[in-house]
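Only one structure is covered here, and it is reproduced in the block below.
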Amino acid sequence: MDAHTSNIESIDITKIREEFPILLRKISGQPIAYFDNAATSQKPLSVINAISEYYETINSNVHRGIHTLSEEATEAYENSREKVRRFINAQSSGEIVFTKGTTDGINLVASSFGTNVVGEGDEVIISEMEHHSNLVPWQNLCESRRAKLKYIPVNDKGELMMDEFRTMINEKTKLISVVYVSNSLGTVNPISEIIEIAHSFNIPVLVDAAQAAPHMKIDVSTLDCDFLAFSGHKMYGPTGIGILYGKEKHLESMPPYQFGGEMIKSVTYDNTVFNVLPYKFEAGTPNIAGAIVLGTAVDFMERLGHENIHNREMELLAHANKLFSEIGDIRIIGTAENKTSLISFIINGIHPYDTGSILDNFGIAVRTGFHCTQPLIEQRFKLPGTVRASFAFYNTFEEIDRLAAGIRKVKSMLL
Ligand code: PLP
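Position in the sequence shown (first residue = 1) + 36 = this note's numbering.
In structure tokens form, the structure reads like this:
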């Protein structure tokens, strides 16, 4: 049966964990409790094996050769693009551009589309909770075009202030770029509403879906977003591969981002005719193995089923919230109604870095610091950093018990 249609009924965690060999590792003599999933997820055997299988059986350059290996590699590469198209429900595979990841996709849009539409005196809107990947490219664009960058404010719960957002839009607004799910707060933003409002003013919207892709079903046709970017490595796939979705009408109108092989149709000494979509945006030899194995990661997620993943992760989050509420001296940063399975916190009086280092001694992997959202943590929340525990469906209740016990130990050692 097609992996697409064979969702399991519910996740058997013990069995699924066996598909992730790294979860058997010990750190400081303890089984690893991996809570840094928002930075990168662990990889199942199907993904790990698909990488060596590619190199063992069909390694060759794509779109160039007439020999069998090249044809097989090209077919696998394009099959994966089609899988991704279906995964996010895009209209055509020409709208699916393979990139290095979310950062690469956003930079592509900022450099190409941004330069086309943003001029002197214009405005771009992002939010106060953006990852540096969805902030610095726009800062740079606005600086070079003498345009203004505006930030949708965030309330104390870590939610976008939508009334403020509505008042920020005017005839100078040329583009809105917003994160779907915050990597530091876990907030799921009302992205459909943002797109609807923006479109009522004919303003295009880019969605940073880096943290949405691992946790929820993305449907670009229903969302009606203009661009959407995500990374393979956060959704159980390899590093160095990602996707930029763009509406065909935009991608057609945009100049190439990089120039060279693959992205051309014909070249003379005098000029070049660019290739059709999506190849116009895929200059040079791509990450062929990464692109093909991203398709394997899509298969894996579809086998589990979005609903199963969501339900499991919400149970883990509820368990963690309950335990955290009993510990005391903990402040959770990001208490939005609609959240993914992530808790950002500080223990009052203890630097996040100290908490993270001690937890590592117990085999517990959390992230500490600004999480690539320095303005949000430092300027908006006035903190030196947070500790972030981000859960994936393969985490267990017992691991979260260990996290809570670890936090109690940190408190007893340092307070
Ligand atoms: N946007 C968000 C919300 C993220 O969480 C991340 C990575 O942490 C990125 C963008 C950048 O992703 P990548 O480093 O894979 O390009």
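Note that beta-carbon positions come from the ideal geometry of N, C-alpha and C, so glycine has one too.
The Cβ-Cβ distance between T209 and I161 falls below 7 Å. For G282 against G326, the beta-carbon gap comes to about 20 Å, at or over 8 Å, which does not count as contact. In this model, N225 and D140 are separated by some 22 Å (Cα to Cα). The shortest C-alpha to C-alpha distance from R416 to any of L196, P292 and G297 is the one to L196.
Between I369 and S380, the CB-CB gap stays under 7 Å. Annotation for F360: the continuous alpha helix (DSSP H) segment containing it runs H342 to I363. Assignment of beta-bridge partners to Q66 by DSSP yields I63. Looking at E343, G392 and F336, the one whose alpha-carbon comes closest to that of E55 is F336. Taking a 10 Å sphere around the C-beta of N73, we find 16 or more other C-beta atoms and assign the residue as buried. With a cutoff of 7 Å on beta-carbon distance, Y113 and I279 are scored as not near each other. The Cβ-Cβ distance between V256 and I58 does not fall below 7 Å. Secondary structure at T304: coil, using DSSP grouped into helix, strand and coil.
According to DSSP, T422 shares a beta bridge with G405. Separation of V154 and Y90 (C-alpha to C-alpha, rounded to the nearest whole angstrom) is 42 Å.
Excluding five sequence positions before and after S302, the CB atoms of its chain that fall closer than 8 Å to its own CB belong to T308 and V309, given in chain order.
When secondary structure is reduced to three states using DSSP, T104 falls in the helix class.
When DSSP states are grouped into helix, strand and coil, G282 belongs to the strand group. For T404, the shortest C-beta to heavy atom distance toward the ligand PLP is 6 Å or greater. Under the three-state reduction of DSSP output, R122 falls in the helix class.
Sequence-distant Cβ neighbours of E92 in its own chain, meaning closer than 8 Å and more than five residues away, do not exist here.
Contact annotation: E435 and A75 have beta-carbon atoms that are not nearer than 7 Å.
Residue pairing by DSSP places A265 opposite D244 and L280 in a beta bridge. Partner residues in the beta bridge of F134, as assigned by DSSP, are I279.
With 16 or more other CB atoms across the displayed protein chains lying within 10 angstroms of its CB, S169 is buried.
Distances from the CA of L177 to each of F201, L211, M198 and E200 were compared; the closest alpha carbon is that of L211. Looking from the CA of I277, the closest CA among D437, M350 and V334 belongs to V334. If you draw a straight line from the Cα of P388 to the Cα of E118, it comes to about 43 Å. DSSP, reduced to helix, strand and coil, places D158 outside both helices and strands of the structure shown, so it counts as coil.
Less than 7 Å separates the beta-carbon of G421 from that of G405. By a beta-carbon distance limit of 8 Å, E166 does not contact V241. Their separation comes to about 14 Å. In terms of CA proximity to N311, G297 leads the group V172, L352, I324 and G297. The residues F266, K270 and M271, in chain order, have a CB closer than 7 Å to that of A249 in the same chain once the five nearest residues on each side in sequence are set aside. Annotation for G137 indicates a beta carbon within 6 Å of some heavy atom of the ligand PLP.
Straight-line measurement puts the Cα of V217 at about 32 Å from the Cα of F295. The residues I231, V241 and V243, in chain order, have a CB closer than 6 Å to that of C261 in the same chain once the five nearest residues on each side in sequence are set aside. In this structure, the straight-line span from the alpha carbon of D158 to that of E288 is close to 23 Å.
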